[in-house]
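Going by this note's numbering, the first residue of the sequence shown is number 1, and it counts up by one from there. Cβ coordinates follow ideal geometry from the N, Cα and C atoms, glycine included. Note that the structure is predicted; figures quoted are calculated from it, not measured. Notes follow once the structure below has been shown.
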Amino acid sequence: LETVGPLIVGMARAAQDQIDPPGSYPVLPLMIHGDAAFAGQGVVAETLAMSDIRGYRVGGTIHLIINNQIGFTTAPEFARSSLYCSDVAKTVQAPIFHVNGDDPEACVTVARLAFEYRQQFHKDVVIDMWCYRRHGHNEGDDPSYTQPLMYKAIGERRAVRKLYVEALVKRGDITLEEAEQALDDFQGKLQIALDETRAQSPGTVKAARPPKPAGVLAHIETGVERGVLDRIFTRLTDYPPSFTPHPKLARQFEARAKIYEEDGLVEWATAEAMAIGSLLLEGHPVRFAGEDTRRGTFSQRHAAVVDYETGQPWIPLDELDGAEARFWVYDSLLSEYAALGFEYGYAHTNHEALVVWEAQFGDFINGAQIIVDQYLVAAEDKWGQNNGLVLLLPHGYEGQGPEHSSARLERFLTLAAEDNIQVCNATTAAQYFHLLRRQVHTERHTPLVLFTPKQGLRMKQTRSPIAELTAGSFQEVLDDPGVTDPAAVQRVVYCSGKVAWDAMAERDKREAPVAVVRVEQVYPLPSEQMLQLLQQRYTNARELVWLQEEPENMGPWSFIEARVWRIKDQGYDLRHVARVESGSPATGSKAIHDQELVDLMDDTFTGY
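Have a look at this one:
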């Protein structure tokens, strides 16, 4: 219930952002609510809370509550603590008009007043229309089981049309004959439509099987010329006159410049900025939003740089010379549910834009699970609707406890089917760069669920040569760069995400004949690429290990096993290594965490 509310606002904002010049909030969101849902569903309060925030403002929404004075079978005194179901709107000082649903002219007057208020003051406004359901929750329901007195009164009450006709006749506005003729004409039109429908032969209806999933997307070139990258980087580091950066940030930017200009490398945040900048130059709008997104949870992004002396923000990429589209980056309210719903609605309306919602930590995606279930993974199957929204979910086991370790990769894999989403876990800056650009340039738009690093944002291993950004595309599988003699490899370890760096370091320490292969895209699973690498490069390896840092009952293993177990028939030994199964995603003890990592490495490299 009420899940569509933030989507509507996001769709309205996207439509407004595409109007040039935008004018005075030219798109009007109108929401129709039930009384019990408006009072009871928390997403209503979240959506109201964002109504006057800069990144979410649409100039006011008109809320119409169809107040049937009941929620299915639940009476108002059990459905809310407030006197009115509309009282939650008082949190944003929205005007609330209570009107009798049996008085059509009063309803019209209030509707006009609400519209004029929204147009004049650009704020949310609520119409609480008191009425009733004559037949209960649906026509097959008998509401008298739980509300016998209420429905006895409803049964004795004349219908709205009859009450209004009597009032019009009494005033002399129409005659009774004219009213009856109007009713006959309307019912006649309905009867004609019904007869035509019944006359149509539906024929034999055969259930159609869904098309076979296409799987891994065809590779498309997403590289950007070096000159363009240099131009974007210059914009990032060329402060406006009289701008004073934070001393620590100035040093961070100096280090970033050294990495780029002297080492010829790109770290994570720079790769992201270059992906954004290149899309802007190509005419694609970009919108980033989430909790602490302007700075970045881990102080890595700094898309909006704040003057140390004046406190004024400066957004370098929004002033990129030659850009043919806008860049918006916003800190969201402390919400996952409504905030993700808003971005989904925005991406639904503007298919040319790169729309990104970032979680503060990936763990917090559970606060928006309804949006994921209802829309993100199911909208194409239910309604044929495509959406290119990107989710950035910081993920990785670093000893930060059960609330700051896991974005629940296993949940997304459980929901993955029919190519409905892409689930990726990029480990290099170049991979991240190409993923963001691919999301805009691909022909088939599906949501991208991207598990992003935390410590990896600053690890040297995640940096990429600039040349990897100037050509090529996202690679679903990355081979082990540390293997110099593939024929000597006896064991291949497949894994996804940060744990690959742990495994490579351990392999080097033990000098083990092991290759560590990174599966950068978990869904659609690039199983053919995984097998091809094994059969064409590591021809002497017979031991296969799936390594994950998540507990055994979480992470990708169950998903992976169901798709690759048949490889045993080809003479390979397949096993997995994971943390022991657990009710929570991670331990709260740093000492236990460290020991678990030791155990993971020992199990992975047993025998070496």
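Within a 10 Å sphere around the beta-carbon of Asn540 sit fewer than 16 other beta-carbons, which makes this residue exposed. C-alpha of Gln300 to C-alpha of Ala269: approximately 6 Å in a straight line.
Note that the C-beta distance between Gln360 and Glu403 is not below 8 Å.
DSSP places His33 in the uninterrupted beta strand (DSSP E) bounded by Leu30 to Gly34. About 11 Å separates the CB atoms of Ala429 and Leu435; that is not less than 8 Å, and the two are not in contact. Per DSSP, reduced to three states, the secondary structure at Gln536 is helical. Glu550 sits away from Glu581, with the two beta carbons spaced by 8 Å or more. Taking one beta carbon from each stretch, the segment 315-331 and the segment 364-384 have fewer than 3 pairs nearer than 8 Å; the two do not touch. By the neighbour-count criterion, in which 16 or more other beta carbons inside 10 Å mark a residue as buried, Pro240 falls on the exposed side. Apart from sequence neighbours up to five positions away, the residues of its chain that approach Tyr132 with a beta-carbon distance below 7 Å are Asn68, Gln69 and Ile154, ordered along the chain.
Sequence-distant partners of Val126 (beyond 5 residues in either direction) whose C-beta falls short of 6 Å from its own C-beta, in its chain, are His63, Ser86, Ala89, Ala94 and Ile96. Straight across, the Cα-Cα distance linking Gly345 with Val377 is about 14 Å. Within the same chain, Cβ atoms closer than 7 Å to the Cβ of Leu534 are found at Val492 and Ala541, the five residues on either side in sequence being excluded. By the 16-neighbour rule on beta-carbons within 10 angstroms, Ser332 is buried. Distance from the CA of Asp363 to the CA of Arg235, rounded to the nearest whole angstrom, comes to 34 Å. Cβ neighbours of Ala273 within its own chain (closer than 7 Å, five residues either side excluded): Ile232, Leu236 and Leu317.
Within the DSSP secondary-structure output, His98 pairs in a beta bridge with Asp128. Bounds of the beta strand (DSSP E) holding Cys495 are Arg491 to Cys495. Residue nearest to Thr310 within the set Ile259, Gln252 and Ser242 is Ser242 (criterion: CA-CA distance). Leaving aside the five residues that flank Pro143 on each side, the residues in its chain whose CB is nearer than 6 Å to its CB run, in chain order, Gly136 and Tyr151.
Under DSSP, Tyr330 takes part in a beta bridge, and its partners are Ala289. Cβ contact annotation for Leu280 (same chain, cutoff 8 Å, sequence separation greater than five): Val286, Leu317, Leu320, Ala323, Glu324, Ala325, Arg326 and Phe327, in chain order.
One alpha carbon belongs to Leu415, the other to Gly396, and they sit about 21 Å apart. Residue pairing from DSSP places Thr452 in a beta bridge opposite Pro394. DSSP lists Tyr494 as the bridge partner or partners of Val517.
Sequence-distant partners of Thr175 (beyond 5 residues in either direction) whose C-beta falls short of 8 Å from its own C-beta, in its chain, are Val169. Under the three-state reduction of DSSP, Gln41 is assigned to coil, being neither helix nor strand. In this structure Leu547 is not in contact with Val598, their Cβ atoms being roughly 14 Å apart against a cut-off of 8 Å. Within its own chain, the residues whose Cβ lies closer than 7 Å to the Cβ of Cys107, once the five positions on either side in sequence are excluded, are Val99, Gly101 and Met129, listed in chain order. Between Asn386 and Thr442 the beta-carbon gap is near 11 Å, outside 8 Å, which marks them as no contact.
A Cβ-Cβ distance of about 5 Å is found for the pair Gln374 and Thr3, placing them in contact under the 8 Å criterion. Rounded to the nearest whole angstrom, the C-alpha separation of Asp603 and Leu229 is 43 Å. Annotated as distal: Trp357 and Ala338, with beta-carbon spacing of 8 Å or more. Asp381 sits in a helix when the DSSP states are folded into three classes. Beta-bridge analysis with DSSP links Asn387 to no other residue. Under DSSP, Arg575 takes part in a beta bridge, and its partners are Val545.
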